[in-house]
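In our numbering, the protein residues as written are 9 to 127.
Glycine included, C-beta positions come from ideal geometry on N, C-alpha and C.
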């Protein structure tokens, strides 16, 4: 793994964990009606997407092991640049169905990066 890989993976994993935490126990209706929660989740998804974009740039081999990476980076681009066109149903589905499994994969990759760095 490249030197920057661990940092990008850690940033991505932490952002994904915060998405899960912010959404925890909420219904879709609560998510849609709570601007603060929605904004917090949007921000963490931007960070997640940016970290994975940088991972793809710096270590394509490791990035290829992250399922849905291109979709996550694409979502980040929509959040950052097309913020008026956000589909909150898709955002909720990503938050509740994709993030939990992604956290496991990212944590495993973070552990692997730590091992490769001798930490």
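For residue i, the three-state DSSP class (helix, strand or coil)
| i | result |
| --- | --- |
| residue 28 | helix |
| residue 34 | coil |
| residue 72 | coil |
| residue 90 | coil |
| residue 97 | helix |
Cα-Cα separation, residue i to residue j
| i | j | result |
| --- | --- | --- |
| residue 61 | residue 93 | 21 Å |
| residue 104 | residue 88 | 21 Å |
| residue 70 | residue 43 | 35 Å |
Environment of residue i [buried if 16+ CB atoms lie within 10 Å]
| i | result |
| --- | --- |
| residue 117 | buried |
| residue 13 | buried |
| residue 101 | exposed |
| residue 32 | exposed |
| residue 29 | exposed |
Proximity below 7 Å, CB of residue i to CB of residue j
| i | j | result |
| --- | --- | --- |
| residue 20 | residue 99 | no |
| residue 23 | residue 110 | no |
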